[in-house]
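Below is one structure, written out as C-alpha cells; comments come after it.
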Amino acid sequence: MKSLDPRINRVDLEKGENAESNMDNFWESFEVFHQKKTGTAYTHVGSLQAANHEMALVLAKEQYGRRQTTTGLWVAKTSNIFGLEESEIEMFETTPSKKHREAVVYKTRDKITAFKNRNKDA
Amino acid sequence: MYGNAFIDPNDPRNKQEVEESQELLDAFQAKIDNGQKIEPSDWMPKMYRKQLTRMIEQHANSELIGALPEGTWITRAPNFKRKMALIAKVQDEVGHAQLLYNAAETLGKSREAMLNDLMIGKAKYSNVFNYPAETWGDIAVIGFLVDGAAIVNQLINSKGSYGPYCRALKRICAEEAFHLKQGHDNLVALAVGTPEQRQMLQDAVNRWWQPLMHFFGPPDKQSVHSEQLMRWKVKLASNDDMRNQFLDQYVPKILELGLSIPDPNLRKNSETKRWEMSDPDWDEFYRVIKGDGPCNKERLAVRRWVKEHHQWVTDALLRPERVRTVPLA
Amino acid sequence: MHRDEAIKELLFKMADDALILGHRNSEWTGIGPTLEEDIAFSSMAQDKIGHAFQLYTILHEHFGEANPDILGFKRSEKEFKCCHLVELPTVDYAFSLVRHFLFDYADGLRYEELQNASFEPLAQLAKKIKGEIKYHTMHANVWIKLLAQGNEESKARIQSAINEAMPYALGIFEPSEYEKTLQEEKIFSGENALQTKWVETIQTLIEKAGLEMPDITILKPQLGGRKAYHTEHLKPLLDEMTEVVRMDENASW
Ligand SMILES: [Fe+2]
Ligand SMILES: [Fe+2]
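Chains as they are written, first to last, in the working numbering: chain A, 1 to 122; chain B, 1001 to 1329; chain C, 2001 to 2253.
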C-alpha cells in the first residue's frame, strides 16, 4: 500500500495485521481540575487516561492547559470521586424555599419605625 | 457521519426493545422540553443511549481519522507559520477525539472497545476522510471547507440534550474558530498567489466538492425521518438544512476569490432561499460508506498499525490493581 | 566581530537542532501511542519549532541574516549545523522518548546558563522559554522512569534506545572553534562544561530509574554536525520538508 503521507510510507503497515482487539487494555481514568486565575475556584474540565497520577498531571497539562491560562492543575482518580444519583437529587427540591437562610426575609425596618413612633407619642 | 449518525428507529430491529414505563418516558421528555440537559447517571430510554453512543462514537472516530489526511502534509508545510499551524490543528483534532471518546464512554462503551471497532472496520466515521489529500492545496480546502462544514454540524449539535456531548462540543467549537481561520488564511494565500498556486487550489476545490456535498448526508426526502430524534434533541437540523446553511456561508467566500465551484447547476433560488444543485453521486457515497472509498483501507490499516506498534507502551504500564471506571467527562 | 561570529555559530546550531528535532517529533502527530500522549508530544514538537523560529529571528534582526523562513526552509544540507542525534529517523516511540530525554536535558541546562548571557536577546529568549523546557524535561523524565520500571520489554526497549542514542547525544557537545570567545564574552561557558553538567544530571536520573548509564569514556561521540557534515538522513529530511516551498521559490505561502 503506497500512501501519500511520507510518514506512513516509512512504516510497515502490514505489521498492523497482528493488532489484536483486547478489552482489557486500559489504564486508569482520571479527572482534571483546572484553575484559571489565582484566587478562583478549581473547575472540573474533563477526564483522561494515564498510568498513574504523575503521568496524569503531565498529560493534563497539554490536553487541558494548552489553550488557556493556568495557575493550577489537579488530577484525581475517577474512582475516587463520589456523587449523587439522579433520584437522590430531589433532596434539594425544597432548598430554594428555605427562606430562613436568606437575608431578605429578615425585615426589621417597619418594627423600628413603629417603635420610634410609639416612643415619640409617649 | 460526523455528528450525524442515526439509527433508523423504524427499522424493526430497533423497535423499542423493552417496555419502558410511559411515566419515565414522559418525565424524560419533560426534562428535555424544559431545556434541561441529560447527565450520564440519569435515567434515559435505551434508544436514546444507543443513538447517542453511535453518534458521539462516530464523531470521535471522525476526529481521529481526520488527523490522517491532514497529517499527510505535516512534514511538508512550506514555512514556519503553516508548519506550526498544521501541527497545532491536527493536534486539536486528536484532542477532540479524546474529549468525544470520554463523552461516549459515559454512555457505557469503553474507549478500547471503540478503538477496536474502528480499526476492524466495524465502526464508521465521516466519509469525507476517506479521500486523499493529494496536494498542499487540499490542506487549504480541508482546513477551511471541511472544517467549515464540521462547524455547521457541531454548532447545531452543541444545542443538543446530552450534557457531556454539549460540554465537549462547547470547547471543540471554540477551537474550530482557529481551524477555520488558519484554513482561510492558507486558502487565501494560494488564491492570491501565482497561477500555479491558484491552479493547485482550484484542483483541490474540484476534488473536494462532491465529498463536501455528501458530508451532511443524503437529502431529507431519502433519509430516515425521525420525529422522536428531534423531540429528544438528538438531531436538531435536517441534512438539507445544514447543507443549505453551509452553502450560504461558504459559497460567497469561494467565489470572492475568483475560484469556481464544479457544479454548473449550483444556484440559490431567490424565492425559496434554498440552494439548488446537481444531485451528487449518492451511489458513490454509499460505496465509500461500505468501505470502498479511495482511502478506507489505508485509514484502517494505519489505526491497526498504531495499535500494534505502540502496544508495548500500554502493556508495560497496566497495573493489576487498576479499576475500570467511567470517566465523568 | 569575533564575538558576532561566535554568537551566530551558537544561534545557528541551536536553531537547527530545534527545527530538525521538532520536525522529527511532529512525525508522531496523529499516530502517537495514546491520544493524550499524542497531544503532549505534538505540543513539544511545536515548542521546538517555535524555538527555532525565535533563534532564526535573532539571527535575522541582529546579524543581518535572511528571514526565518529562508533560514529554515531554503538552506542546503551543507549549511545546517545540527547534531546527528536530531537527524536520526523516527523508528519507534522508545527511541523518540529517549532522544527527547537526552536532548531536552541538555537544552534545559544550556538555556539555564544562557539566561545570564551578555548577549541580551538570547538571554531574554532563554528566560522566556525556560518554563517550556521545564515541562519537556518533566515529561521526558516521567515517561522514562515509568517505562524503565514497567515490564521487562519496556525496560529493555528504553535501555537499548539509550545505548543506541548515547554516542549521538555526545555529538550535541561537539566543541566549536569559538568556545574561548564565548567564554571571554560571558555568553556561554562552553560545550565541555555543559557536557559535564549534563552527564551528571542524566546519569542520576537514568540510574534512579533502574537503568544503566553507558560508559561514555569508551564511546565514540558522533561528531561532525556542527561542521556541516551530516548523516545520510538529513538530506532526505530537508528534501521532504521543502517539497512544497520548492515548487516555486518566489511564491509566498
Ligand atoms: Fe475537530
Ligand atoms: Fe477542526
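Just so you know, even glycine gets a beta-carbon here, dropped at the ideal spot from N, CA and C. Keep in mind it's a predicted model, so treat the numbers as computed, not measured.
Check: In chain order, what residues of the same chain lie with their CB nearer than 6 Å to the CB of B/Asn1130, ignoring the 5 residues before and after it?; Outcome: Val1288, Gly1293, Cys1295, Asn1296
Check: Of all the CB atoms in chain A, is at least one closer than 7 Å to the CB of C/Ile2039?; Outcome: yes
Check: DSSP puts B/Asn1269 in a beta bridge; with which residues?; Outcome: B/Arg1274
Check: Beta-carbon within less than 7 Å of C/Tyr2111's beta-carbon, same chain only, minus the 5 sequence neighbours each way: which residues are those?; Outcome: Ala2126, Ile2129, Lys2130, Ile2133
Check: Just confirm the distance between the C-beta atoms of B/Gln1249 and B/Gly1148, as a whole number of angstroms; I'd bet it's less than 8 Å.; Outcome: 7 Å
Check: Using a threshold of 6 Å, is the CB atom of B/Glu1063 nearer than that to any non-hydrogen atom of ligand 1?; Outcome: yes
Check: By the criterion of Cβ-Cβ separation under 8 Å, what are the contact partners of C/Glu2132 in chain A?; Outcome: Within chain A, no residue comes near C/Glu2132; the closest Cβ sits about 11 Å away, beyond 8 Å.
Check: How about C/Asp2004 and C/Lys2081: do their beta carbons lie closer than 7 Å?; Outcome: no
Check: Is it true that the region 1086-1102 of chain B meets the region 1162-1170 of chain B, where meeting means three or more beta-carbon pairs spaced less than 8 Å apart?; Outcome: yes
Check: Listed in chain order, which residues of the region 2139-2168 of chain C have Cβ atoms closer than 7 Å to some Cβ of chain D?; Outcome: Checking the listed chains, one finds no chain D in this structure; the protein chains it contains are A, B and C.
Check: Return yes when the C-beta of B/Glu1176 is under 6 Å from any heavy atom of ligand 2, and no when it is not.; Outcome: yes
Check: Does the distance from the C-beta atom of C/Asp2038 to that of B/Val1094 stay below 7 Å?; Outcome: yes
Check: Measuring straight from C-alpha to C-alpha, what distance separates C/Ile2049 and C/Leu2019?; Outcome: 5 Å
Check: So B/Glu1175 and B/Ala1104 are supposed to be a Cβ contact under 8 Å. How far apart are they, rounded?; Outcome: No, B/Glu1175 and B/Ala1104 are not in contact; Cβ-Cβ is about 19 Å, not under 8 Å.
Check: Starting from A/Leu48, trace the beta strand (DSSP E) in both directions and tell me its first and last residue.; Outcome: 43-50
Check: Under three-state DSSP, which class holds C/His2002?; Outcome: helix
Check: Report whether the distance from the Cβ of B/His1184 to the nearest heavy atom of ligand 1 is below 6 Å.; Outcome: no
Check: By the 10 Å Cβ neighbour count, where 16 or more other Cβ atoms means buried, how is A/Ala103 classified, buried or exposed?; Outcome: exposed
Check: On a CA-only basis, which of B/Lys1050, B/Asn1239, B/Phe1028 is nearest B/Gly1108? Give me that one, please.; Outcome: B/Lys1050
Check: Rounding to the nearest angstrom, what Cα-Cα distance links A/Val75 and A/Thr108 in this structure?; Outcome: 48 Å
Check: Distance, Cα to Cα, B/Lys1081 vs C/Ala2066?; Outcome: 16 Å
Check: Are the CB atoms of C/Ile2058 and C/Pro2121 within a distance shorter than 7 Å?; Outcome: yes
Check: Relative to the alpha-carbon of B/Asp1240, which residue among B/Pro1219, B/Leu1255, B/Leu1247 has its alpha-carbon at the smallest distance?; Outcome: B/Pro1219
Check: Tell me the DSSP bridge mates of A/Val75?; Outcome: A/Val32
Check: Which stretch, first to last residue, makes up the alpha helix (DSSP H) that contains B/Cys1173?; Outcome: 1163-1191
Check: Using a Cβ-Cβ distance cut-off of 7 Å, determine whether A/Val58 contacts chain C.; Outcome: yes
Check: Quick one: does A/Ala51 have its CB under 7 Å from some CB of chain C?; Outcome: yes
Check: Please compile the residues from chain A whose C-beta is within a distance smaller than 7 Å of the C-beta of B/Asn1116.; Outcome: Ser21
Check: With a threshold of 7 Å between beta-carbons, can C/Phe2053 be considered close to chain B, or not?; Outcome: yes
Check: Taking 6 Å as the line, does the beta carbon of B/Glu1093 fall inside it for any heavy atom of ligand 1?; Outcome: yes
Check: Just to confirm the assignment, what range does the alpha helix (DSSP H) spanning B/Leu1100 have?; Outcome: 1080-1105
Check: Using only alpha-carbon positions, find the residue among B/Glu1308, B/Ser1278, B/Thr1135, B/Val1234 that is nearest to B/His1214.; Outcome: B/Ser1278
Check: Starting from A/Ile89, trace the alpha helix (DSSP H) in both directions and tell me its first and last residue.; Outcome: Careful: A/Ile89 lies outside any alpha helix (DSSP H) and carries neither H nor E.
Check: For B/Ile1038, which beta-bridge partners are listed by DSSP?; Outcome: B/Tyr1162
Check: Under three-state DSSP, which class holds C/Arg2246?; Outcome: helix
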